[in-house]
Amino acid sequence: MSSATENTILEFRDVCFSYDNSRVLIDQINLSVSNGEFIGLLGANGSGKSTILKLASGILKQARGIIYLWGKPVHSYRNRDRAKLLSYLPQVLDISIPFTVREVVSMGLYPYDIMPPLSTDEALEMVGLSVKADSVITNLSGGERRRVYIAMTLLQGAGLVLLDEPLANLDIRYQMELLRLLKELRAKRGITTIMALHDINIALQFDRLMVIKEGKIIGTGTSDEIVQQDLLKKAFDIDIEIKREETGGVYIKY
Numbered sequence: 039m040s041s042a043t044e045n046t047i048l049e050f051r052d053v054c055f056s057y058d059n060s061r062v063l064i065d066q067i068n069l070s071v072s073n074g075e076f077i078g079l080l081g082a083n084g085s086g087k088s089t090i091l092k093l094a095s096g097i098l099k100q101a102r103g104i105i106y107l108w109g110k111p112v113h114s115y116r117n118r119d120r121a122k123l124l125s126y127l128p129q130v131l132d133i134s135i136p137f138t139v140r141e142v143v144s145m146g147l148y149p150y151d152i153m154p155p156l157s158t159d160e161a162l163e164m165v166g167l168s169v170k171a172d173s174v175i176t177n178l179s180g181g182e183r184r185r186v187y188i189a190m191t192l193l194q195g196a197g198l199v200l201l202d203e204p205l206a207n208l209d210i211r212y213q214m215e216l217l218r219l220l221k222e223l224r225a226k227r228g229i230t231t232i233m234a235l236h237d238i239n240i241a242l243q244f245d246r247l248m249v250i251k252e253g254k255i256i257g258t259g260t261s262d263e264i265v266q267q268d269l270l271k272k273a274f275d276i277d278i279e280i281k282r283e284e285t286g287g288v289y290i291k292y
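Letter by letter, the sequence shown follows residues 39 to 292 in the numbering used here.
Have a look at this one:
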């Protein structure tokens, strides 16, 4: 039984992972996520962010340590029961079959025998795609497709959403729209979000950041605490300059 507080919904304790006894990809990670948090996993490509999300989702099983989801080991849940608690959106999800937007969003209902409170139409409305409900998903822009997949995860009804680089290859408009949507969902529905990302400027939008390097957490805290020159140089192995304006704004110069 986990000794985490009642507010803790996800906890890693001394978690390690590797494929087939090869090099360690995740090395004794400890983390705790509370209900309603908006967390960014920040790190370079290959740092271990995606692996952490897959472990949290139950897709991968840790070699050592334990992962708790709402106070129970994550693999103690049946797949359908776990899917009611968390939604995982992988970095690459490209549906090429000509499903309609409504059909794709409705795939989020698969864990349920009884319909959840949120309907397909309501999920589409939340992401601003009601007018595209009968459109074929292959005809949508990249940003619109991302919102379709978000609607699908919302319909799943989970309180924890795990997103692997959902902003990748999107222009700045769609990036800001998606971040704004996730913050609104946190405010209105109490949804907890953990998002993997590598853009330091985007990281400033999160309440809490965890910096990942070579399978380890090398820093955790608010954006003000994390966006420090030495830490980010260590995480990304690049020379960067952090500019702080008199108004309190921060921007990163590469």
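By construction, the Cβ of each residue, glycine as well, lies at the ideal position given by its N, Cα and C atoms.
Figure out for me which residue from Gly-181, Leu-192, Gly-195 and Val-249 has the closest Cα to the Cα of Glu-263. Val-249
Can you name the start and end residues of the alpha helix (DSSP H) that Asp-119 belongs to? 117 to 123
From Tyr-57, Asn-73 and Leu-220, pick the residue whose C-alpha is nearest to that of Gly-166; which is it? Checked all of Tyr-57, Asn-73 and Leu-220; the closest Cα to Gly-166 is Leu-220.
For Val-53, which beta-bridge partners are listed by DSSP? Ile-67
Considering only the alpha carbon of each residue, which of Lys-272, Asp-202 and Leu-269 lies closest to Gly-78? Asp-202
Which word fits Gly-136, buried or exposed, when buried means at least 16 other C-beta atoms lie within 10 angstroms of its C-beta? The identity of residue 136 in the sequence shown is Pro, whereas the question assumes Gly. With fewer than 16 Cβ atoms within 10 Å of its Cβ, Pro-136 is classed as exposed.
Pairing CB atoms from the region 155 to 164 with CB atoms from the region 181 to 193, are three or more of them under 8 Å? yes
For Phe-76, the first and last residue of its enclosing alpha helix (DSSP H): Segment 76 to 80 is the beta strand (DSSP E) holding Phe-76; no alpha helix (DSSP H) there.
Tell whether a beta-carbon distance below 8 Å holds between Ser-95 and Tyr-57. no
Distance between beta carbons of Leu-107 and Gly-86, contact taken as under 8 Å: About 19 Å separates the two Cβ atoms, so there is no contact after all.
For Ala-225, count the other beta carbons within 10 Å of its own beta carbon; 16 or more makes it buried, fewer makes it exposed. Which is it? Around the beta carbon of Ala-225, fewer than 16 other beta carbons lie within 10 angstroms, which makes this residue exposed.
Return the first residue and the last residue of the alpha helix (DSSP H) that Leu-192 is part of. 180 to 193
Can at least three beta-carbon pairs, one atom from the region 165 to 181 and one from the region 209 to 216, be found at a separation below 8 Å? Yes, since at least three Cβ pairs between the region 165 to 181 and the region 209 to 216 fall closer than 8 Å, the two stretches touch.
Among Ala-121, His-236 and Thr-260, the one whose alpha carbon lies nearest that of Lys-271: Selected option, being the one with the closest Cα: His-236.
Segment limits, beta strand (DSSP E) that includes Lys-254: Where Lys-254 is concerned, the enclosing beta strand (DSSP E) stretches over 254 to 259.
Looking at the structure shown, is Ala-273 part of a helix, part of a strand, or coil, going by DSSP? helix
I'd like to confirm something about Ala-82: is its beta-carbon nearer than 7 Å to some heavy atom of the ligand COA, or not? Among the components of this structure there are no ligands whatsoever, and the ligand COA is therefore not found.
Could you give the residue range of the beta strand (DSSP E) that holds Ala-234? Run containing Ala-234: 230 to 235, per the beta strand (DSSP E) assignment.
Quick check: Leu-31 and Ile-104, are their CB atoms within less than 8 Å of each other? An answer regarding residue 31 cannot be provided, because it is not within the stretch 39 to 292 covered by the chain.
So which of Arg-227, Tyr-148 and Val-53 has the shortest CA-CA distance to Gln-100? Val-53
Roughly how many whole angstroms lie between the Cα atoms of Thr-231 and Glu-75? 6 Å
Close-in-space but distant-in-sequence residues of the same chain around Phe-55 (CB under 7 Å, 5 per side omitted): Leu-63, Ile-64, Thr-89, Leu-93, Leu-98, Gln-100 and Ala-101
Among Tyr-187, Gly-253, Val-142 and Leu-91, nearest to Gln-66 - alpha-carbon criterion: Gly-253
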